[in-house]
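**Student:** Quick note on the UniProt record's numbering: the sequence shown kicks off at 1 and runs consecutively. Sending over a structure as structure tokens; questions will come in a sec.
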Amino acid sequence: MNVPLAAPGTAVPASVSLPAFPRPARDEFDAVLSRGAFMPLPQFGVIDTKGDDAASFLHSQLTNDTQHLDAATARLAGYCSAKGRLLASLLMWCSGETIRMLVSKDVQAAVQKRLSMFVLRAKAKLSDATDETLAIGLAGDVRAALSGVFDAIPDGVHVKVDGPAGSLVRVPDAAGRLRYVWVGPIAEVEARLPALEAKLARVSPAVWDWLDIRAGEPRITQRVTEQFVPQMVNFDVLGGVNFRKGCYPGQEVVARSQYRGTIKRRMALANVAGETENVVPGAELFHSDDPGQPCGMLVNTAAAPDGGVDALVEIKLAALENGTVHLGSADGPALAFLPLPYALPAEI
Numbered sequence: 001m002n003v004p005l006a007a008p009g010t011a012v013p014a015s016v017s018l019p020a021f022p023r024p025a026r027d028e029f030d031a032v033l034s035r036g037a038f039m040p041l042p043q044f045g046v047i048d049t050k051g052d053d054a055a056s057f058l059h060s061q062l063t064n065d066t067q068h069l070d071a072a073t074a075r076l077a078g079y080c081s082a083k084g085r086l087l088a089s090l091l092m093w094c095s096g097e098t099i100r101m102l103v104s105k106d107v108q109a110a111v112q113k114r115l116s117m118f119v120l121r122a123k124a125k126l127s128d129a130t131d132e133t134l135a136i137g138l139a140g141d142v143r144a145a146l147s148g149v150f151d152a153i154p155d156g157v158h159v160k161v162d163g164p165a166g167s168l169v170r171v172p173d174a175a176g177r178l179r180y181v182w183v184g185p186i187a188e189v190e191a192r193l194p195a196l197e198a199k200l201a202r203v204s205p206a207v208w209d210w211l212d213i214r215a216g217e218p219r220i221t222q223r224v225t226e227q228f229v230p231q232m233v234n235f236d237v238l239g240g241v242n243f244r245k246g247c248y249p250g251q252e253v254v255a256r257s258q259y260r261g262t263i264k265r266r267m268a269l270a271n272v273a274g275e276t277e278n279v280v281p282g283a284e285l286f287h288s289d290d291p292g293q294p295c296g297m298l299v300n301t302a303a304a305p306d307g308g309v310d311a312l313v314e315i316k317l318a319a320l321e322n323g324t325v326h327l328g329s330a331d332g333p334a335l336a337f338l339p340l341p342y343a344l345p346a347e348i
């Protein structure tokens with residue numbers, strides 16, 4: 001059962017649903033895979049943190065280092081409960097004097113409220129910048145088109161550049177294609193979209209959800225809040241946890257999971273063929289040899305180009321060794337597992 005994302009003694013915020021995107025047409029996937037494309041990203045919200053203590057405050061709350069976050073770098077981070085379970089995943093970077101965080105839109109308001117409750121005497125203020133900004137995802141052969149917007153294009157993953165139109169962050173490749181996230185003031189971004197559209201195809205935001213899955217990068221949405229310790233969804237492998245930084249909520253649990261014993265649950269990539277309406281985040285998985293109890297859970301799902309649904313799944317590693325894994329029950333649709341685009345630690 002999901003635990004409401006609210007501090008003890010506070011009202012649970014109203015449920016916020018992510019936009020429901022129809023299955024993209026095959027030519028939308030092909031635009032990314034064979035050429036280049038861009039897509040608006042309404043599935044994300046933006047939280048800005050300002051003030052003299054913004055970096056130190058977030059450093060005490062998140063799984064990654066914000067005190068040494070420089071102007072040319074973005075970082076993946078998590079926000080955990082006291083039990084070490086992820087309440088949110090986010091991409092963060094400095095935008096002038098502001099630390100900007102891109103987070104799933106359906107948890108944005110609750111995360112902002114919860115963080116604000118712990119500011120106390122720190123000189124830091126969090127605000128919702130979603131309505132002031134526009135987030136665009138770009139994938140494939142897009143560098144030439146972006147050169148008309150930004151003077152420089154980031155080369156390395158999580159490298160960031162700034163310009164009048166906002167910030168451009170290179171994010172992990174997916175399906176062998178380059179990917180970038182562009183976030184800037186609405187007016188500045190909208191003014192440049194016609195020129196971008198003259199060079200690149202505009203495709204559904206659902207294509208970005210599929211690309212995130214193929215990049216092996218999880219997104220914590222409302223359906224799966226407080227379900228996973230960071231290592232269960234490979235956050236340690238993806239650089240989303242700094243094990244040398246100071247305390248943050250859940251830090252002892254996260255550290256214990258890392259240093260005491262073998263990690264027995266990880267995130268994998270899979271495809272579910274056939275009907276797709278029940279293939280949703282939070283759905284439980286069952287193993288053919290142990291039908292009485294779940295062996296994992298869907299983390300993220302998205303329509304796949306060749307049919308069915310691709311998914312990131314959190315699962316017992318032992319369940320991958322033999323037998324079959326099924327959705328909903330031991331006789332439900334079977335999952336076909338695919339290789340992740342990165343290696344898990346050898347000791348696991």
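Cβ atoms here follow ideal geometry from the backbone N, Cα and C, with glycine treated the same way. Just so we're clear, the structure is a prediction, and the values are computed from it rather than from any experiment.
In chain order, what residues of the same chain have a beta carbon less than 8 Å from the beta carbon of residue 221, not counting five sequence neighbours either side?
**Tutor:** Looking up residue 221 in the sequence shown gives position 221. So the list reads 18, 104, 106, 107, 281, 300, once near-sequence residues are dropped.
**Student:** Assuming contact is defined by CB atoms lying nearer than 9 Å, are residue 333 and residue 204 in contact in what I supplied?
**Tutor:** Counting from 1 along the sequence shown, the entry for residue 333 is found at position 333. Counting from 1 along the sequence shown, the entry for residue 204 is found at position 204. Contact flag unset, no.
**Student:** Give me the Cα-Cα distance between residue 2 and residue 195, rounded to the nearest whole angstrom.
**Tutor:** Working through the sequence shown from its first residue, we reach residue 2 at position 2. Working through the sequence shown from its first residue, we reach residue 195 at position 195. Unreliable positioning characterises residue 2 in this predicted model, as indicated by a pLDDT of 35, which lies under 50. The coordinate reading is nonetheless provided below. For residue 2 and residue 195, the distance between alpha carbons rounds to 44 Å.
**Student:** Compare the C-alpha of residue 250 against each of 152, 143, 88, 95 and name the closest.
**Tutor:** Along the sequence shown, read from residue 1 onward, the residue named residue 250 stands at position 250. With distances taken between Cα atoms, residue 250 lies closest to 88.
**Student:** Note down, in chain order, each residue of its chain lying with its Cβ closer than 8 Å to the Cβ of residue 175, except the 5 sequence neighbours on either side.
**Tutor:** For the purposes of this step, residue 175 is taken as the residue at position 175 of the sequence shown. Closer than 8 Å at Cβ, skipping near neighbours: 32, 33, 211, 214.
**Student:** State buried or exposed for residue 10, treating a residue as buried only when at least 16 other CB atoms are found within 10 Å of its CB.
**Tutor:** Here residue 10 refers to the residue found at position 10 when the sequence shown is read from its first residue. Any reading at residue 10 is ruled out, since the residue's pLDDT is 35, under 50, leaving its predicted position unreliable.
**Student:** Given residue 54, which residues of its chain have a CB within under 7 Å of its CB, disregarding the five upstream and five downstream residues?
**Tutor:** As a position in the sequence shown, residue 54 is number 54, starting the count at 1. 99, 124, listed in sequence order.
**Student:** Which first and last residues belong to the alpha helix (DSSP H) in which residue 258 is found?
**Tutor:** As a working note, residue 258 is residue 258 in the sequence shown. From DSSP, the alpha helix (DSSP H) with residue 258 extends over 251-259.
**Student:** Return the residue from the list 262, 257, 133, 155 that minimises the CA-CA distance to residue 143.
**Tutor:** Translated into the one-based positions of the sequence shown, residue 143 becomes position 143. It is 155 whose Cα lies nearest to the Cα of residue 143.
**Student:** Within this structure, are the beta carbons of residue 43 and residue 209 separated by less than 9 Å?
**Tutor:** Counting from 1 along the sequence shown, the entry for residue 43 is found at position 43. Counting from 1 along the sequence shown, the entry for residue 209 is found at position 209. It is a contact, given that the beta carbons lie within the stated cut-off.
**Student:** Under the three-state reduction of DSSP, which class applies to residue 309: helix, strand or coil?
**Tutor:** Numbered from 1 along the sequence shown, position 309 holds the residue referred to as residue 309. Residue 309 falls in the strand class under three-state DSSP.
**Student:** Can you give me the C-alpha to C-alpha distance between residue 343 and residue 268, rounded to a whole angstrom?
**Tutor:** Numbered from 1 along the sequence shown, position 343 holds the residue referred to as residue 343. Numbered from 1 along the sequence shown, position 268 holds the residue referred to as residue 268. So the two alpha carbons sit approximately 11 Å from each other.
**Student:** DSSP three-state call for residue 112: helix, strand or coil?
**Tutor:** Here residue 112 corresponds to residue number 112 of the sequence shown, with the count starting at 1. Three-state result, residue 112: helix.
**Student:** Expressed to the nearest angstrom, what Euclidean distance is found between the alpha-carbon atoms of residue 149 and residue 40?
**Tutor:** Counted from its first residue, the sequence shown places residue 149 at position 149. Counted from its first residue, the sequence shown places residue 40 at position 40. One C-alpha to the other measures close to 16 Å.
**Student:** Just to confirm the assignment, what range does the alpha helix (DSSP H) spanning residue 386 have?
**Tutor:** Residue 386 lies beyond the range of the chain shown here (1 to 348); nothing can be said about it.
**Student:** Output the distance between the C-alpha atoms of residue 266 and residue 231, rounded to the nearest integer angstrom.
**Tutor:** Reading the sequence shown from its first residue, position 266 is the one you call residue 266. Reading the sequence shown from its first residue, position 231 is the one you call residue 231. Going from the Cα of residue 266 to the Cα of residue 231 covers about 7 Å.
**Student:** Would you identify the three-state DSSP class for residue 98, choosing helix, strand or coil?
**Tutor:** By 1-based counting over the sequence shown, the position of residue 98 is 98. Reduced to three states, the DSSP call for residue 98 is strand.
**Student:** Which residues in the same chain as residue 45 place their Cβ atom closer than 6 Å to its Cβ, once the five residues preceding and following it in sequence are excluded?
**Tutor:** For the purposes of this step, residue 45 is taken as the residue at position 45 of the sequence shown. Taken in chain order, the residues that qualify are 103, 105, 108, 130.
**Student:** What is the DSSP secondary structure of residue 223, counted as helix, strand or coil?
**Tutor:** Mapped onto the sequence shown, residue 223 falls at position 223. Helix, per DSSP.
**Student:** Can the beta-carbon of residue 327 be found less than 9 Å from the beta-carbon of residue 285?
**Tutor:** Counting from one through the sequence shown, the residue named residue 327 turns up at place 327. Counting from one through the sequence shown, the residue named residue 285 turns up at place 285. Yes.
**Student:** Going by alpha carbons, who is nearest to residue 291 out of 329, 165, 278?
**Tutor:** As a position in the sequence shown, residue 291 is number 291, starting the count at 1. Ranking 329, 165, 278 by Cα distance to residue 291 puts 329 first.
**Student:** Could you tell me which residues DSSP pairs with residue 315 in its beta bridges?
**Tutor:** As a working note, residue 315 is residue 315 in the sequence shown. Beta-bridge pairing links residue 315 to 266, 296.
**Student:** Give a yes or no on contact between the segment 158-177 and the segment 81-96, applying the rule of three or more CB pairs nearer than 8 Å.
**Tutor:** Result yes; three or more Cβ-Cβ pairs closer than 8 Å.
**Student:** Below 8 Å on the Cβ atoms is my contact criterion, and I expect residue 246 with residue 60 to pass it. Report the Cβ-Cβ distance as a whole number of Å.
**Tutor:** What you label residue 246 is simply residue 246 of the sequence shown in a count that begins at 1. What you label residue 60 is simply residue 60 of the sequence shown in a count that begins at 1. Contact flag correct, Cβ pair sits at about 7 Å.
**Student:** For residue 74 versus residue 229, is the C-beta spacing smaller than 9 Å?
**Tutor:** As a working note, residue 74 is residue 74 in the sequence shown. As a working note, residue 229 is residue 229 in the sequence shown. For residue 74 and residue 229, no; Cβs fall outside 9 Å.
**Student:** From what residue to what residue does the beta strand (DSSP E) around residue 287 run?
**Tutor:** Against the sequence shown, residue 287 aligns to sequence position 287. First-last of the beta strand (DSSP E) with residue 287: 284-287.
**Student:** Buried or exposed: which applies to residue 147, given that a residue is buried once 16 or more other Cβ atoms fall within 10 Å of its Cβ?
**Tutor:** Locating residue 147 in the sequence shown gives position 147, where the first residue counts as 1. Residue 147 should be labelled exposed.
**Student:** Mind reading off the beta-carbon distance from residue 272 to residue 295? Whole number of angstroms is fine, and I expect it under 8 Å.
**Tutor:** Position 272 of the sequence shown, counting from 1, holds the residue named residue 272. Position 295 of the sequence shown, counting from 1, holds the residue named residue 295. About 15 Å separates the two Cβ atoms, so there is no contact after all.
**Student:** Per DSSP, which one or two residues make a beta bridge with residue 36?
**Tutor:** Locating residue 36 in the sequence shown gives position 36, counting from the first residue. BP columns for residue 36 point to 140.
**Student:** Residues in its own chain within less than 7 Å of residue 307 by CB, not counting five upstream and five downstream?
**Tutor:** Within the sequence shown, numbered from 1, the residue matching residue 307 stands at position 307. Answer for residue 307: 273, listed in chain order.
**Student:** Using C-beta distances below 6 Å, list every residue in its chain close to residue 297, excluding the 5 sequence neighbours before and after it, in chain order.
**Tutor:** Position 297 of the sequence shown, counted from the first residue, corresponds to residue 297. Here the set comprises 284, 314.
**Student:** Can you tell me whether residue 101 is buried or exposed, with buried defined as 16 or more other CB within 10 angstroms of its CB?
**Tutor:** Along the sequence shown, read from residue 1 onward, the residue named residue 101 stands at position 101. Buried, by the Cβ-count rule.
**Student:** Which one of 331, 47, 85 has the shortest CA to CA distance from residue 110?
**Tutor:** As a position in the sequence shown, residue 110 is number 110, starting the count at 1. Here the closest residue by C-alpha is 47.
**Student:** Would a check of beta-carbon distances place residue 140 closer than 9 Å to chain C?
**Tutor:** No chain C is part of this structure, which consists of one protein chain only.
**Student:** Just reading off the beta strand (DSSP E) that residue 161 is part of, what are its end residues?
**Tutor:** Translated into positions along the sequence shown, residue 161 becomes position 161. Note, residue 161: beta strand (DSSP E), 160-163.
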